[in-house]
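Chains as they are written, first to last, in the working numbering: chain A, 251 to 339; chain B, 251 to 339. Right, one structure below, let's go through it.
2 protein chains.
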Amino acid sequence: MTEYGIEVRVTPRRGILDPQGKAVGGALSSLGFDGVGEVHVGRLIVFGLAAESEADARERADAMCRQLLANPVTEDYQVAVRAPAGSAA
Amino acid sequence: MTEYGIEVRVTPRRGILDPQGKAVGGALSSLGFDGVGEVHVGRLIVFGLAAESEADARERADAMCRQLLANPVTEDYQVAVRAPAGSAA
C-alpha cells in the first residue's frame, strides 16, 4: 500500500448559474479591480489515500466524486493523483 | 492588454481547524471508503483578467487575494497565471 496524494477540483458546469462567482465578481469590481471577466468559484478537496497502485487510487477517488464530492448534475470534477516522492509504486 | 487566465487556490492553513474537511472525511468513511487520510477542503477561484503583462496580472490577482479572496489569518493562497494560447504577451 502506498499513500497517494489526491486532489479533486470541483467546478460549476459551464452554462449553469454560479451565484457565488457572480458575487465575487461584483465584490472585486466594487473594490476597484478592473478588467475582471466572468468569475467561477469551485471547491478543492485534498487528501491522502492508501492504495495498491496509482490506477486503483484514481478509480477510488473517481468513485468518491460520483458518490459524494461532486454534484453530477451541476458540477464537473477532475481528479489528480500524486505519487509520494521516493515511492516505488 | 491581454486576457490572462487566473486560478487562485485557497486552502485552510495547516494546523487550523478544518471542520468542512473533517465532515467530508467522516462522510467518505461512512460510505465505506477506506484508507483516506486527513481531508482538507479549500476554494478554487477562476477568472479572466485583462492586464498589460503576466507580472501585472499576478500582482493584481495577489492584491485581490489579500483584500477579498482569502482570509490571511486562517488561509493560504496560491495564484497561477496562464497566458492565453497564441498571445504575444
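Ideal Cβ placement from N, Cα and C applies to all residues, glycine included. Quick caveat, the model's predicted, so the values are computed rather than measured.
Exercise. Mind checking whether A:A320 and A:R310 have CB atoms under 9 angstroms apart?
Worked result: no
Exercise. Got a sec? Which residues, its chain only, sit under 7 angstroms from B:A339 by beta carbon, not counting five neighbours each side?
Worked result: Confidence in B:A339 is poor, its pLDDT being 45 and thus under 50, which makes the residue's placement unreliable; the coordinate value appears in the next sentence. Only T252, S303, E304 and A333 meet the Cβ criterion.
For this session: Could you give the DSSP three-state label for B:A301: helix, strand or coil?
Result: strand
For this session: Helix, strand or coil for A:P262, going by three-state DSSP, please let me know.
Result: strand
Exercise. Is B:A339 close to chain A, meaning its C-beta is less than 9 angstroms from at least one C-beta of that chain?
Worked result: Residue confidence for B:A339 is low, a pLDDT of 45 falling below 50, so the modelled location carries little weight and cannot support an answer.
For this session: Kindly indicate which residue of B:A273, B:S280, B:G285 and B:L299 has the alpha-carbon position closest to the one of B:V291.
Result: Put simply, of B:A273, B:S280, B:G285 and B:L299 the residue whose alpha carbon is nearest the alpha carbon of B:V291 is B:A273.
For this session: Assign A:D312 to one of three DSSP states: helix, strand, or coil.
Result: helix
Problem set entry | Alpha-carbon spacing of A:R264 relative to A:T324, whole angstroms | 9 angstroms
Exercise. Does any residue of chain B bring its CB to less than 9 angstroms from the CB of A:E325?
Worked result: Judged by the 9 angstroms Cβ criterion, A:E325 is not in contact with chain B.
For this session: Label B:R350 either buried or exposed according to how many other C-beta atoms from any shown protein chain fall within 10 Å of its C-beta, with 16 as the threshold for buried.
Result: Residue 350 of chain B cannot be examined here, being either before or after the span of chain B that is shown, 251 to 339.
Exercise. Among residues of its own chain, excluding the 5 on either side of A:E257, which ones have a beta-carbon nearer than 6 angstroms to its beta-carbon?
Worked result: Correct list, in chain order: V296 and A330.
Exercise. Alpha carbon to alpha carbon, how far is A:D268 from B:L299?
Worked result: Each residue's CA atom was taken as its position, placing A:D268 and B:L299 some 18 angstroms apart.
Exercise. Smallest Cα separation from A:A307: which of B:A277, B:V286 and B:I266?
Worked result: B:V286
Problem set entry | Beta-carbon neighbours of A:R332, restricted to chain B and to distances below 8 angstroms | Under the 8 angstroms cutoff, chain B gives no residues; its nearest Cβ is about 13 angstroms from A:R332.
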